[in-house]
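Visitor: If you scroll down you'll find the structure; I have some questions about it.
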Amino acid sequence: MTGAPGVSGGRTPGGEMAGLDGDRSAEAERAPRRAAFPFTAIVGQDEMRLALLAAAVDPGLGGVLVLGDRGTGKSTAVRALAALLPPMRAVEGCRFNCDPSGTGDLCDACRARGAPPLPARTVPVPVVDLPLGATEDRVVGALDIERALTRGEKAFEPGLLARAHRGFLYIDEVNLLEDHLVDLLLDVAASGENLVEREGLSLRHPARFVLVGSGNPEEGELRPQLLDRFGLAVEVRTPTDLPQRVEVVKRRDAFERDPAAFGAVWAPEEEKLRRSILSARERLPDIGVGDAAIEGAARLCMALGTDGLRGEMTLVRAARALAALDGDEEVGDRHLRRMAAPALRHRLRRNPLDEAVASTRVERAVSEVFGA
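Given below as structure tokens:
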């Protein structure tokens with residue numbers, strides 16, 4: 014048994030997720046994937062699940078940071094969400110999974126193939142683990158040494174950022190990530206593309222992904238520059254309710270005994286949520302955000318003393334994603350209240366006269382701005 018709400022521990026010795034990351038050879042793609050724990054079967058952790066769903070509806074939110082105890086379903090929830098999402102269409106033969114419709118950025122090779130739409134194939138939404146000990150070449154990509162030595166060709170071997178394009182990049186213990194990798198991620202997150210210059214080879218490819226990080230704050234703090242790049246931040250705790258803990262163990266045990274049968278039981282709920290996500294994506298551009306909602310977000314950020322305007326923009330965007338999920342036509346106070354803590358708790362300045370935890374400060378400000 015590996016943890017609480019559906020912790021799967023599905024990693025290979027190399028630190029990557031079995032089946033969804035790793036070698037893109039034909040043998041690897043034909044290998045059977047390990048079944049993912051159903052997203053709808055995860056017990057508790059409502060705020061984490063809500064933040065991940067909002068990021069799935071609007072990948073431009075900036076990713077999700079999950080902080081809390083070990084074994085509370087952090088990695089399981091990310092992989093369960095990716096398995097829940099329908100397969101995506103990618104350009105046939107493209108190493109970067111470019112969008113064949115041409116609505117997103119294309120790599121140099123795809124642009125050279127002509128005007129969209131391009132020949133397409135269906136692939137799973139990628140979920141890529143970034144191990145703490147990964148080298149820079151493994152992350153950004155490197156020169157294919159074998160082809161360089163045997164054929165004299167300068168060929169590029171895509172890295173983890175290329176594999177994560179249009180999917181999820183997951184970093185466990187992100188607070189322990191080396192500084193040079195943090196700087197690299199900040200550059201890519203800001204530009205949406207990865208520039209590789211190695212041994213006279215220069216290549217640029219799109220690298221847009223939902224960044225998901227998890228960690229235990231007791232093991233080290235996250236650099237402020239990276240912390241601010243996460244759109245949402247949620248806290249997870251070990252369940253203290255006895256019936257909830259019992260239910261976690263029962264579901265996990267049933268899944269490990271027979272993943273196929275357990276998945277079949279939850280398949281209707283998974284399909285229902287999948288349709289809800291797809292519908293929310295379609296509605297998202299039409300969700301209205303009135304002046305009153307923007308003013309409410311601004312008043313809340315002013316009450317909390319957040320730096321800059323990223324807090325207001327993220328809160329409004331997250332509330333819009335929630336409204337799309339709920340089937341509402343316009344953002345209201347209810348949506349702002351629910352997304353306030355995930356969007357703002359990691360943007361608060363420390364107040365030496367107020368040692369209240371960030372979540373409590375946000376809740377207090379929400380009550381002051383929107384009423385109890």
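Following the working numbering, the numbering of the sequence shown begins with 14 at its first residue and continues without gaps. Where a beta carbon is used, it is the ideal one built from N, C-alpha and C, also for glycine.
1) Could you tell me the alpha carbon to alpha carbon distance between Val104 and Arg374, rounded to whole angstroms?
2) Smallest Cα separation from Glu231: which of Leu214, Ala147, Asn188?
3) Do you know whose CA, among Ala147, Arg211, Ser204, Glu381, lies nearest Phe222's CA?
4) Determine the contact status of Ala8 and Ser372, defining contact as a CB-CB distance below 8 Å.
5) Specify the secondary structure class of Leu366 as computed by DSSP and reduced to three states.
6) Does DSSP put Val302 in a helix, in a strand, or in coil?
7) Please look up how many angstroms separate the CB atoms of Pro272 and Ala125, rounded, as I've assumed it's under 8 Å.
8) Could you tell me whether the region 321-333 touches the region 64-73, where touching means 3 or more Cβ pairs closer than 8 Å?
9) Alpha carbon to alpha carbon, how far is Leu335 from His348?
10) Excluding the five sequence neighbours on either side, which residues of its own chain have a C-beta within less than 7 Å of the C-beta of Ala69, listed in chain order?
11) Taking the Cβ atom as the reference point for each residue, do Gly146 and Glu186 lie within a distance shorter than 8 Å?
12) Within the continuous alpha helix (DSSP H) that includes Ile290, where are the two ends?
13) Quick test of your reading: Val201 and Gly154, contact by CB under 8 Å. State the CB separation rounded to the nearest angstrom.
14) Taking the CB atoms as reference points, tell me whether Arg360 and Thr319 lie closer together than 8 Å.
15) Arg176 and Thr135: beta carbons closer than 8 Å?
16) Would you give the residue range spanned by the beta strand (DSSP E) that Ser227 belongs to?
17) Using the DSSP secondary-structure output, state which residues sit across from Pro171 in a beta bridge.
18) Candidates Leu194, Pro171, Asp192: which alpha carbon is nearest Leu214's?
19) Between the alpha carbons of Gly75 and Met315, how many angstroms are there, rounded?
20) Using the C-alpha atoms, what's the distance from Asp157 back to Val344?
21) To the nearest angstrom, how far is the alpha carbon of Gly276 from that of Leu80?
22) Under 8 Å between the Cβ atoms of Leu216 and Val152?
23) To the nearest whole angstrom, what separates the beta carbons of Arg250 and Thr85, a pair I think is in contact under 8 Å?
24) Just to confirm the assignment: which complete beta strand (DSSP E) runs, minimum length 3, are found wholly within the region 53-87?
25) What residues are listed by DSSP as bridge partners for Ala336?
26) Give me the Cβ distance between Leu199 and Gln238, rounded to the nearest whole Å; I'm assuming they're in contact under 8 Å.
27) Less than 8 Å separating the beta-carbons of Asn207 and His193?
28) Output needed for Glu234: all residues of its chain with C-beta closer than 8 Å, excluding positions within five of it in sequence on either side, in chain order.
29) According to DSSP, is Asp241 part of a helix, a strand, or is it coil?
30) Ala122 lies in the alpha helix (DSSP H); which residues open and close that run?
31) In chain order, what residues of the same chain lie with their CB nearer than 6 Å to the CB of Asp118, ignoring the 5 residues before and after it?
Guide: From the atom records:
1) 47 Å
2) Asn188
3) Ser204
4) Only positions 14 to 385 of the chain appear in the structure, and residue 8 is not among them; the question remains open.
5) Legend: pLDDT at Leu366 = 47, less than 50; position of this residue unreliable, value from coordinates given subsequently. It is coil, neither helix nor strand.
6) coil
7) With 8 Å as the limit, Pro272 and Ala125 do not qualify as a contact, their Cβ atoms being about 43 Å apart.
8) yes
9) 6 Å
10) Leu94, Leu98, Ile290
11) no
12) 272-296
13) About 12 Å; that fails the 8 Å criterion.
14) yes
15) no
16) 223-228
17) Gly154
18) Pro171
19) 22 Å
20) 50 Å
21) 28 Å
22) no
23) 7 Å
24) 77-81
25) BP columns for Ala336 are empty, so no partner.
26) 6 Å
27) no
28) Asn188
29) helix
30) 121-124
31) Pro219
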